[in-house]
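S.K.: This is the structure I have questions about; it appears just below.
2 protein chains.
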Amino acid sequence: MTTDDPSGHRGHLFIVGGGEDRKNDKLVLSRFVELCGGPDARIFVLTAASTLHDEMWALYDEAFEALGVRQRSTALIASREDAGDERIARELYEADGIFMTGGDQKRLLALIGGTRIDEAMHRALRERGACIGGTSAGASAMSAHMLTEGKANPLPTKGTVHLGAGLGLVSRVIIDQHFSERQRLGRLLSVIAQNPYLLGAGIDEDTALIVRPGRGIEVIGQGAVTVVDGREMLTNYIDAARHESLELVNVRLHLLPAGARYDVDAGAGEPASRPVPRGLRQAIGAIASIRDAAERAGGHDAGD
Amino acid sequence: MTTDDPSGHRGHLFIVGGGEDRKNDKLVLSRFVELCGGPDARIFVLTAASTLHDEMWALYDEAFEALGVRQRSTALIASREDAGDERIARELYEADGIFMTGGDQKRLLALIGGTRIDEAMHRALRERGACIGGTSAGASAMSAHMLTEGKANPLPTKGTVHLGAGLGLVSRVIIDQHFSERQRLGRLLSVIAQNPYLLGAGIDEDTALIVRPGRGIEVIGQGAVTVVDGREMLTNYIDAARHESLELVNVRLHLLPAGARYDVDAGAGEPASRPVPRGLRQAIGAIASIRDAAERAGGHDAGD
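Here the protein sequences line up with chains A and B, keeping their order. Note that this note's numbering gives residue 85 to position 85 of the first sequence, counting from 1, and the numbers run on in steps of one. Quick note: to get this note's numbering, add 1000 to the position in the second sequence (first position is 1).
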C-alpha cells in the first residue's frame, strides 16, 4: 500500500451490487477477505442497514468462517446512541475489514451518519488501510450522494429519483446495485440528468467494483459495472415537466465486465495496467479519488 | 418535399417499435396517414413478415379505415413468385404509403428480398415520395443490415447476435424494436461491439422514428428511441471468447423521447430546428442518409 496517495486513503473500497454468493464458491467475499489481509484479518460486519441484525450476522459470520477468517465480530446498532459507543467505534477502527450488509441505505445513514462509528470507519480506511466493503444498500451508502428513492422507469424521467447524504467514502459518484437484474439504467440516467457532475456506477449482482483509492479500479464477479458519464451531456431536464421523459444527448457509457482492471496511477515500482482509454480516464479518476492525477493527465478532458 | 435531396429519397421512413395503438387514439398510425397524404392517400399493407395474412390485414384495414383512409389495399405474398407479380409491384409503386406489419423479418426478406415488390418499394420512396412504414419485424427489416437472431442478454456478449441482409431503405443502422419493454440494450450493444460502423437505434413500443431522408429525424409516440454509437468505442471483442461478456468503453448514447426532432439540413425556405448538438449530428446524418451534409459539417467528428 502506498502512503503518499493523493486521495489520502490507504485502504480499498469493495462495492458489491448485492446478491453475492455466500454459500458456494464465494468468489466475491473471498476476494474481500484477501484484501482485508486473509484469514488473520479482523473483520467487522456492520448490519445497521437491516432490521434483521441476528439473521444478517449469522449469514456473514458463517460465510467468513467458511473462508477461514477467525476474528469475526459485529454489534447491534439499533440507535444513534449505539452508534456513538466508544467501544464499538474502537473495534471498527481496529478492524482490517468492515463489511456493510444490505437493507435500507436510509436506515443505515439515519443510524450511523456523523457518529463515532462513521468516523471510525473513515479513519480505519484512511489511517489503517482497512478494506471497507458494502453490498446492496451497504454499497449505495458508500458515496457522498446516495439514491434514497427511485422508481426503476425504463426511461429516464424527471422528478422520480431522490438523493440523500451518504457516507462519503467516495464522492462524485452515485452507486446503484442489482443493476442489470433490476433494469436500473433508466433510473441511473435520471440521476445523471439532474446531477451531471456525478458519475453513475451501476453494479450487477454477485459483482464487486474494487476501488484502489488514488490508483484505479477493478471489477470481479459474475456481472459488470456500467458507468454513465453525463459531463458532456445535453438534456432538456430544466425545461421538462415533472414525470416527463427526458432527452439525453451525448451520454458516455462504459461497460466493464468482471476482469476489467484499470490503474490510472501505478504505484512506485509496480507495473501499470494497460493504458487507460481517454474518456474512461476521468471517470476512473473520479471513482478512485484521483483528482490530482486526472488533472495532471491533461486537465479537463471533456472534449476527448 | 425537396427533390435535390442528397440521399436521393423523397419520401419519409416511418419506423415503429411494435405495439402501436390500433384501437384508441392511434397517435402513431395517424401520423403515418398524415405523412402519406391524409385520407386521400393510397395505403398498401404488406403482411409478408407474418404467416397470418388475413388477421394482419383485418387489423390494419380497420385501423386505417377508422383514420379516414379510403383507398386501402393488400395482397397475399406467400411465395417469391407472388413477390415477383407485376400487378402487385405496380400497386406498391403507385401507393402513397406502404406499411409493413410485424411477424418475422427473416420471413419477410426470404419472400420479398430482391423481388419486383422490393424494387417497387424503393422506387416509390425515391421517385414518388411515398412514405414507407414498418412496425416490429417490419421495422427491423428496413435497414441494410438487420438483426436475425439475438438473445436479449442483459450484458453485451460475444457471438449471441446474428445479422442478415435487410431491405436497405436505410443503411449504417441496426434497428431494434420493443426496445425498453424487452430490455434489449445489451443485445444492441452486442451488435455494436461486433459492428462499430453501424449505429444502433432501439425503438420503444407505440413509438415511431420518422426519418426525413436527407433532412433529419423526429420521434413520436409513447416511448423513446435509444441511439448507441460505437464509432469511438474501445472493446475487447476481438480477444474475447465466444459467449464472454464484452468490455465496451466510450460508447456514446443518445436517448430521444417523443417530441425530439432534429433537422441536420433544413430544406430551402424552411426554418432549421434547434441546432443539432455535436456528437448527435453524425448519428442523425447516418440515420437520415446525409453523408454529404455530415461531411460538409466538419468531416469526421469522432473527436467531438
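We treat Cβ as the ideally placed atom computed from N, Cα and C, and that holds for glycine.
Looking at the C-beta of A:Ala124, does it have a partner C-beta in chain B at a distance below 8 Å?
M.R.: Not an interface residue.
S.K.: Give me, in chain order, the residues of the same chain whose beta-carbon lies closer than 8 Å to that of B:Glu1149; leave out the 5 immediate sequence neighbours on both sides.
M.R.: Same-chain partners within the cutoff: Val1161 and His1162.
S.K.: If we ignore side chains and look at the alpha-carbon of each, how far apart do A:Arg182 and A:Val251 end up?
M.R.: Spanning the two alpha carbons is a distance of roughly 21 Å.
S.K.: From this set, B:Tyr1093, B:Gly1019, B:Asp1082 and B:Gly1129, which residue's C-alpha is nearest B:Gly1011's C-alpha?
M.R.: Among B:Tyr1093, B:Gly1019, B:Asp1082 and B:Gly1129, the Cα nearest to that of B:Gly1011 is on B:Gly1129.
S.K.: Determine contact between the segment 68-88 of chain A and the segment 107-119 of chain A, defined as no fewer than three beta-carbon pairs at a distance below 8 Å.
M.R.: Yes: the two stretches touch, three or more of their Cβ pairs being nearer than 8 Å.
S.K.: Would A:Pro275 count as contacting chain B if we go by Cβ distances under 8 Å?
M.R.: Chain B contact via Cβ: absent.
S.K.: Using a beta-carbon distance below 8 Å, is A:Arg215 in contact with chain B?
M.R.: Judged by the 8 Å Cβ criterion, A:Arg215 is not in contact with chain B.
S.K.: Chain B partners of A:Ala260, CB-CB under 7 Å?
M.R.: Here the neighbours are Glu1247.
S.K.: Which residues in chain A sit within 8 Å of B:Pro1156, going by Cβ to Cβ distance?
M.R.: Chain A residues near B:Pro1156: Leu255.
S.K.: To test your reading of the DSSP string, which unbroken beta strand (DSSP E) runs of 3 or more residues are found completely within the segment 117-150 of chain A?
M.R.: Those beta strand (DSSP E) runs which fall completely within the segment 117-150 of chain A and span 3+ residues are 131-135 and 145-150.
S.K.: Based on the DSSP output, what are the partners of B:Gly1200 in its beta bridges?
M.R.: DSSP lists B:Ile1174 and B:Val1228 as partners of B:Gly1200.
S.K.: Compute the distance between the beta-carbons of B:Gly1166 and B:Ala1144, then report whether it is under 8 Å.
M.R.: In this structure, B:Ala1144 lies closer than 8 Å to B:Gly1166 by Cβ.
S.K.: Assuming contact is defined by CB atoms lying nearer than 8 Å, are A:Asp176 and A:Arg215 in contact in what I supplied?
M.R.: No. Outside cutoff.
S.K.: Indicate the three-state DSSP secondary structure (helix, strand or coil) for B:Tyr1254 in the structure shown.
M.R.: According to the sequence as given, residue 1254 of chain B is His; it is not Tyr. The answer is strand: DSSP assigns B:His1254 an E or B state.
S.K.: For B:Thr1207 and B:Gly1018, what's the separation of their Cα atoms in angstroms?
M.R.: For B:Thr1207 and B:Gly1018, the distance between alpha carbons rounds to 8 Å.
S.K.: Can you list, in chain order, the residues of the segment 190-209 of chain A whose Cβ is nearer than 8 Å to any Cβ on chain B?
M.R.: Cβ contacts with chain B: Asp204.
S.K.: If we call anything under 8 Å between Cβ atoms a contact, is B:Leu1308 one with B:Arg1090?
M.R.: It is not possible to answer for residue 1308 of chain B, since the shown part of chain B is limited to 1001 through 1304.
S.K.: Check the Cβ-Cβ distances between A:Gly150 and every residue of chain B, and say whether any is below 8 Å.
M.R.: A:Gly150 does not count as touching chain B.
S.K.: According to the Cβ coordinates, are B:Ile1192 and B:Val1227 closer than 8 Å?
M.R.: Contact: no.
S.K.: Between the segment 279-290 of chain A and chain B, which residues of the former have a C-beta closer than 8 Å to a C-beta of the latter?
M.R.: Residues Gly279 and Leu280.
S.K.: Helix or strand or just coil, what does DSSP make of B:Val1276?
M.R.: Correct three-state label for B:Val1276: coil.
S.K.: Applying the criterion that 16 or more other CB atoms from any shown protein chain within 10 Å of the CB defines a buried residue, is B:Asn1024 buried or exposed?
M.R.: B:Asn1024 should be labelled exposed.
S.K.: Answer yes or no: do B:Ile1098 and B:Leu1046 have a C-beta to C-beta separation smaller than 8 Å?
M.R.: In this structure, B:Leu1046 lies closer than 8 Å to B:Ile1098 by Cβ.
S.K.: Note down, in chain order, every chain A residue with its Cβ under 7 Å from the Cβ of B:Gly1017.
M.R.: Those within 7 Å of B:Gly1017 in chain A number zero; the least Cβ separation is about 12 Å.
S.K.: Against chain A, with Cβ distances strictly below 8 Å, would B:Asn1024 count as a contact?
M.R.: No, B:Asn1024 lies away from the interface with chain A (no Cβ there is under 8 Å from its Cβ).
S.K.: Check whether the Cβ of A:Gln177 lies closer than 8 Å to any Cβ atom in chain B.
M.R.: No - not a single Cβ of chain B is within 8 Å of the one on A:Gln177.
S.K.: How about A:Leu27: is its C-beta nearer than 8 Å to some C-beta of chain B?
M.R.: With 8 Å as the cut-off, A:Leu27 does not count as an interface residue toward chain B.
S.K.: For the candidate residues B:Tyr1093, B:Ala1075, B:Leu1125 and B:Gly1223, whose alpha-carbon lies nearest to that of B:Phe1179?
M.R.: Cα-wise, what sits closest to B:Phe1179 is B:Gly1223.
S.K.: Do the segment 150-159 of chain A and the segment 230-249 of chain A meet, that is, are 3 or more Cβ pairs less than 8 Å apart?
M.R.: Enough Cβ pairs lie closer than 8 Å, so yes.
S.K.: Find the residues of chain A that neighbour B:Ala1224, judging by a C-beta separation of less than 7 Å, and give them in chain order.
M.R.: In chain order: Leu155 and Ser245.
S.K.: Looking only at its own chain, which residues have a Cβ that is under 8 Å from the Cβ of A:Gly299, when we skip the five neighbours before and after it?
M.R.: With a pLDDT of only 39 at A:Gly299, under the threshold of 50, the placement of this residue in the model should not be trusted; the figure read from the coordinates follows. Answer for A:Gly299: no residue qualifies.
S.K.: With a threshold of 8 Å between beta carbons, is B:Val1251 in contact with chain A?
M.R.: Interface residue, yes.
S.K.: Between A:Gln183 and chain B, is any beta-carbon pair separated by less than 8 Å?
M.R.: With 8 Å as the cut-off, A:Gln183 counts as an interface residue toward chain B.
S.K.: Does any C-beta atom of chain B lie closer than 8 Å to the C-beta of A:Ser136?
M.R.: It does not; no Cβ of chain B falls within 8 Å.
S.K.: Going straight from the alpha carbon of A:Leu234 to that of A:Ala240, what length do you get?
M.R.: Each residue's Cα considered, the two are about 13 Å apart.
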